[in-house]
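Read through the structure below, which is laid out as structure tokens, and then see the notes.
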Amino acid sequence: MDSADLLVLETLNSWLQDKRRCYLVTLVGTVGSAPRSAGSLLGLTDKGDIVGSVSGGCVEDQLVSYIRENPLQYPQYLSYGIDQHQALRYLLPCGGTIELVIEPLTEHSQLSALCALINSKTKVLRQLSVTTGEVKLTPIAEFVPKVNWHDQQLEVVFGPRYRLLIIGANQIGIYLTQMAQALDYHVLVCDPREEIRRNWPINNTEVSALMPDDFIREQQPDLHTAIVALTHDLKQDDLALLEALTSSAFFVGAVGSKKTQQARRTRLESFDLSATQLAKLKGPVGLSIGSKTPPEIALAILAQITAIKNGITL
22 MDSADLLVLE TLNSWLQDKR RCYLVTLVGT VGSAPRSAGS LLGLTDKGDI
72 VGSVSGGCVE DQLVSYIREN PLQYPQYLSY GIDQHQALRY LLPCGGTIEL
122 VIEPLTEHSQ LSALCALINS KTKVLRQLSV TTGEVKLTPI AEFVPKVNWH
172 DQQLEVVFGP RYRLLIIGAN QIGIYLTQMA QALDYHVLVC DPREEIRRNW
222 PINNTEVSAL MPDDFIREQQ PDLHTAIVAL THDLKQDDLA LLEALTSSAF
272 FVGAVGSKKT QQARRTRLES FDLSATQLAK LKGPVGLSIG SKTPPEIALA
322 ILAQITAIKN GITL
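Residue numbers (the numbering used here): 22 to 335.
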């Protein structure tokens with residue numbers, strides 16, 4: 022499944038190749054209540070074609086009308102909700118304010134190169150000068166804010182910004198990989214069991230044959246890494262957890278019943294793990310939504326990971 026960002030960018034790139042007049046709209050800031058977060062993208066044409074969203078439907082149609090009435094040669098900053106005397110005189114129903122940059126696209130916008138980098142799982146910084154329309158792409162490794170808007174310069178980070186390490190290439194792992202990729206996680210999977218690996222159906226994600234502890238050490242988990250053990254094999258899961266719990270990963274979880282988790286904690290306590298490290302373990306992993314099937318379990322797990330990533334206390 023394509024991420025929301027990639028879908029917008031690839032659609033715009035297709036329109037641009039067809040010589041259509043099209044625009045990339047980036048949500049650069051919000052004040053108060055707003056339906057989308059900074060970094061959300063909208064693609065549109067002067068013929069009324071739309072892909073993506075920056076307001077959940079509140080202002081998209083008005084933006085089409087605006088570009089028809091005001092063909093842009095250079096990027097432009099606009100806001101909704103601050104001052105009704107501005108060029109765009111539409112207030113948001115939610116009462117908040119959104120700030121936008123509208124960018125007319127040309128062959129110099131580097132959309133093809135940007136899409137190729139994202140598809141190769143590369144994290145890339147796109148810098149746009151609103152004054153000149155000049156675009157610069159820079160592959161990066163460090164964690165930086167998704168959007169930075171200052172001094173007529175727009176910087177947006179594309180590509181995976183968080184990693185998800187999955188131990189276990191079973192059905193839950195398959196659904197969890199697909200869902201996590203849709204949310205822009207960079208997913209890496211490990212399963213030393215050859216009979217499991219050979220049935221892995223997701224072509225853009227390979228399954229490592231390393232033992233789980235070696236795999237996690239190799240990945241060097243940081244504060245933007247989540248790790249989930251899914252094998253239901255006590256030895257495999259425990260090997261993974263011993264490495265994961267001593268790492269900097271912001272999330273560590275394992276499948277299993279409450280009884281299984283209690284037995285697991287007892288085993289882990291026999292190793293040299295601190296109380297703080299043991300407390301990191303989420304088990305049974307996932308939000309309590311009554312999940313029974315593999316896709317439901319995957320959904321519950323990803324919901325819990327994403328909530329914690331977004332600073333929600335559970």
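Glycine residues also receive a C-beta, built at the ideal position from the N, C-alpha and C atoms. The structure displayed is predicted, hence computed values, not measured ones.
- Minimum Cα-Cα distance from glutamate 163 among the listed residues Ser133, Ile119, His245 corresponds to His245.
- Here DSSP, grouped into helix, strand and coil, assigns phenylalanine 271 to coil.
- Spatial neighbours of proline 222 in its own chain (CB-CB distance under 8 angstroms, excluding positions within 5 residues in sequence) are listed in chain order as Ile195.
- In this structure the segment 121–129 touches the segment 38–50; the number of beta carbon pairs closer than 8 angstroms is three or more.
- Three or more beta-carbon pairs separated by less than 8 angstroms are not found between the segment 266–284 and the segment 201–217, which leaves the two stretches without contact.
- Taking a C-beta distance under 8 angstroms as the contact criterion, valine 72 and glycine 60 do not qualify as a contact pair.
- At the C-beta level, isoleucine 161 and threonine 51 stay beyond 8 angstroms of one another.
- With contacts defined as CB atoms closer than 8 angstroms, leucine 62 and leucine 135 fail to qualify as a contacting pair.
- Counting of Cβ neighbours within 10 angstroms places tyrosine 183 among the buried residues, the total reaching 16 or more.
- Per DSSP, reduced to three states, the secondary structure at histidine 207 is strand.
- Glutamine 83: member of the alpha helix (DSSP H) spanning 81–90, first to last residue.
- DSSP places tryptophan 221 in no beta strand (DSSP E); its state is neither H nor E.
- Threonine 159 is classed as exposed because its beta carbon has fewer than 16 other beta carbons within 10 Å across all chains shown.
- Taking proline 305 as reference, the option from Glu176, Val276, Val151, Lys40 with the minimal CA-CA separation is Val276.
- Classified as buried, alanine 201 has 16 or more neighbouring CB atoms from the shown chains inside 10 Å of its CB.
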